[in-house]
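Enquirer: Okay, so the sequence shown: first residue is 316 according to my numbering, each after it adds one.
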Amino acid sequence: MKLGSTFLLSSVANMVRILSGLVTTKVMAVQLGPSGVALLGQFSNFHGLLCVLSTCATSQGMTRLSAENPVGSKPFASAISTGLKIGLTSAAAIGLLTLLLASPLASLLLQSADYWPYITLAGATLVFHSASIVILTILNGQHDPATYTRISIAQGLVASAFSIGGALLAGLKGVFSGMALSIPFSLFIGILMVRHKDWFRASNFTSAYSPAVAKQFVNFGLMSVATAVSTPIALLFVRDMLINATSLETAGQWQAVWRISEIYLGILVTTIGLYLLPKLARATAKASYIAELKRTALLVVALCACVSAVLLLGSHWVVRLLYSPAFDPMQALFPLQLVGDFFKALALVLNTVLIVRVQVKQQMFGELFFAGLFVLTSMVLIKDTGTTGLQLAYAGSQFCWAGYLLVCVMRTLQEMPEKAEVSG
C-alpha cells in the first residue's frame, strides 16, 4: 500500500482519535485543573508502561513473522500462538506484581496511597490488552490497514467515552477507573471486527509453543522494550522532579503541552507502524530504503510545519479551545516543545531502520542513553530554570538522538546491496 493511502487511512483514525482526545482533554482540563492533569499524566505514563510490559514486547516480531509467512502455514500459526502465549503469561505476571505493589506505587507516582485500588485495577486488565494487541499486530502484518483503522477508531472512541464518563462522575478517580475498564471492551470490539478473517481460526492461536520462534522474538523484544519503556520511565522521573521543584500546577501546564505533542505525533507513529515498518521489512536493497525514508521524512517536515504554524500563530485560541483560562501560561512553552518534537519525529523514522535491520545494540543503546540524557539534563536544568530547563533538556536530547540515529542508519545502508529488490 502506498504511503499516501496509508497516511490517509491512518489520518482518518487519528483524526477521530484527535477529536475524541480533544474533547477528553477539554473535559479533563475543566474537571481536574492543572494539578489533576499533572497526576493524570503520571498515571497515563505508568499505565502505558504496564501495557507495554504486558505484551513482553512481542509486537514487532509478530508483525514481521506474520508478514513473511502466508496464512495457513505452520510458521504463521506458530508465530501467532507463541506470541499470544508469551503475552498472556507476561500480562498475568505483571498484573500480579502490580497488585502486590499497588500501595507503594500509588504513593510514589500519585502522591497518595489512597489511589492504590486504581493501580490494582490497571494491572488486573492487562491480559485483555495483551490479547487485543495480538489482533492489531496480525492485521498490521497482513497489510490490512482498513480493518486496523476501523478497530483503532472504535477503540479510541470507547476509551474516550470511559475517560469522559469517569471524569464527570468521579473526577480524577473516575478517569483512572475508566482507562482500565475500557480495555476489555476494546478487546471485544477487535474480536467482533476480525471474526470473519481467514486467519482468525482456533488453530492459529492454539498451536504448540515454539522455543525457536520465541528466540526470534528476543531481539525484536529487546528493541521494542527499549523503545516503549524508556520514554514513559523518563517522563515519570522528570514530571516528578518538576512537581517537587515547582508545583503540581506548573507540572500540569507542561503536561498539557506534552499532551498536544502526543496527539499530533500519533499520526506519524501510526503511519510508521502501518506503512514504513512492513515496507522496510520486505525491502532488500539500499535504494528501497532510501526511497521510503525520503517519503516519510517529507511527511515529517510537512506535519511538523503545519502543526507549528497553528500552535505558534494561534496559541491563545488553541489553549482556550482545548483547555481553559487556567492553562494560559502554557502558551509560552510551545516554541521549545515544537523544536524537540521535530527532532523526535525524525528520530522515530530513523529508528525504524535499526528495528527492521535488527541492530539490537545500537538501537537499545540509543533509546536508553538519550532517555537517560533527558533525565540527567532535566535534573540539572530544572533546579535553576524550572519548565524552561526541562524543555531545553528535551530539545537537546532529541537533537542528539536524531544525530546518533542518522550516523547509525548511514552505516547500515552502506552495508546493503545497491540494487533494489522488494518482495511482494
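Using N, Cα and C, we set each Cβ at its ideal position, and we do this for glycine too.
(1) Can you tell me where the alpha helix (DSSP H) with Gly480 in it begins and where it stops?
(2) If you measure between the beta carbons of Ser331 and Leu420, is that distance less than 8 Å?
(3) Cβ atoms of Val367 and Leu399: under 8 Å apart, would you say?
(4) Tell me whether the beta-carbon of Ile587 lies closer than 8 Å to the beta-carbon of Thr702.
(5) Which value, in whole angstroms, describes the spacing of the CA atoms of Ala620 and Glu607?
(6) In whole angstroms, what is the alpha-carbon distance linking Ser467 and Pro432?
(7) Quick check: the Cα distance between Gly438 and Met731, rounded to an integer number of angstroms?
(8) By the 10 Å Cβ neighbour count, where 16 or more other Cβ atoms means buried, how is His631 classified, buried or exposed?
(9) On a CA-only basis, which of Lys601, Gly351, Arg597, Leu365 is nearest Ala482? Give me that one, please.
(10) Since I believe Met377 is in contact with Thr452 (beta carbons under 8 Å), could you give me their beta-carbon distance rounded to a whole number of angstroms?
(11) Give the straight-line distance between the Cα atoms of Thr435 and Cys371, rounded to the nearest whole angstrom.
(12) Taking the C-alpha atoms as reference points, what is the distance between Met725 and Gln678?
(13) Who are the near neighbours of Pro644 in its chain, counting only those whose CB is closer than 7 Å to its CB and skipping five residues on each side?
(14) Of the residues Thr404, Gly505, Ala394, Ala647, which one's Cα is nearest the Cα of Lys530?
(15) Can you round the beta-carbon distance between Ala660 and Val625 to whole angstroms, since I take them to be within the 8 Å contact cut?
(16) Between which two residues does the alpha helix (DSSP H) carrying Asp513 extend?
(17) Go through its chain and collect everything with a Cβ distance to Gly363's Cβ below 6 Å, but skip five positions before and after it.
(18) By how many angstroms is the C-alpha of Val690 removed from the C-alpha of Glu577?
(19) If Ala641 and Gly348 are in contact, beta carbons under 8 Å, what's the gap, nearest whole angstrom?
(20) Since I believe Gly493 is in contact with Phe477 (beta carbons under 8 Å), could you give me their beta-carbon distance rounded to a whole number of angstroms?
(21) Rounding to the nearest angstrom, what Cα-Cα distance links Val737 and Gly629 in this structure?
(22) Leaving out the 5 sequence neighbours to the left and right, which residues in its chain are closer than 6 Å to Ala446 when beta-carbon positions are compared?
(23) Quick check on the DSSP output: the alpha helix (DSSP H) that includes Val625 runs from which residue to which?
(24) Kindly indicate the opening and closing residues of the alpha helix (DSSP H) around Gly402.
(25) Run the CB neighbour count on His444, radius 10 Å, all protein chains shown included, and call it buried at 16 or more, exposed below.
(26) Is Pro385 buried or exposed, if buried means 16 or more other CB atoms sit within 10 Å of its CB?
(27) Nearest CA to the CA of Ser475: which residue from Thr521, Leu496, Thr440?
(28) Drop a sphere of 10 angstroms on the beta-carbon of Tyr524, count the other beta-carbons inside from all chains shown, and report buried for 16 or more, exposed for fewer.
(29) Where does Ala269 sit, in a helix, a strand or coil, going by DSSP?
(30) What do you get for Ser518, buried or exposed, if any count of 16 or more other CB atoms within 10 angstroms of its CB means buried?
(31) Grab me the residues of Gly456's own chain with a C-beta within less than 6 Å of its C-beta, minus the 5 sequence neighbours each way, in chain order.
(32) By alpha-carbon positions, which one of Gly402, Thr404, Thr440 ends up nearest to Leu414?
(33) Comparing C-alpha positions only, which one of Leu580, Gln346, His511, Phe552 sits nearest to Val664?
Expert: Inspection of the coordinates gives the following:
(1) Segment 460-509, the alpha helix (DSSP H) holding Gly480.
(2) The residue you asked about is not Ser; residue 331 is Val in the sequence shown. Result no, Cβ atoms of Val331 and Leu420 do not sit closer than 8 Å.
(3) Result no, Cβ atoms of Leu399 and Val367 do not sit closer than 8 Å.
(4) no
(5) 20 Å
(6) 28 Å
(7) 43 Å
(8) By the Cβ-count criterion, His631 is exposed, with fewer than 16 other Cβ atoms from all chains shown falling within 10 Å of its own Cβ.
(9) Gly351
(10) 4 Å
(11) 19 Å
(12) 14 Å
(13) Gln568
(14) Ala394
(15) Incorrect: roughly 16 Å between the Cβ atoms, too far for contact.
(16) Unbroken run through Asp513: none, as it is neither H nor E.
(17) Pro547
(18) Roughly 19 Å between the two C-alpha positions.
(19) 6 Å
(20) The pair is a contact, with the Cβ atoms about 4 Å apart (cut-off 8 Å).
(21) Low confidence applies to Val737: its pLDDT is 41, below 50, so where it sits in the model is not reliable, and the reading given next is rough at best. Distance between the alpha carbons of Val737 and Gly629: 44 Å.
(22) Leu502
(23) 601-628
(24) Run containing Gly402: 389-415, per the alpha helix (DSSP H) assignment.
(25) buried
(26) exposed
(27) Leu496
(28) exposed
(29) Any answer about residue 269 is impossible in this case: the structure gives the chain only from 316 up to 739.
(30) exposed
(31) By the criterion of a C-beta distance shorter than 6 Å, Gly456 is surrounded in its chain by Thr378, Ser381, Ala382, once the five residues flanking it on both sides are discounted.
(32) Thr440
(33) Leu580
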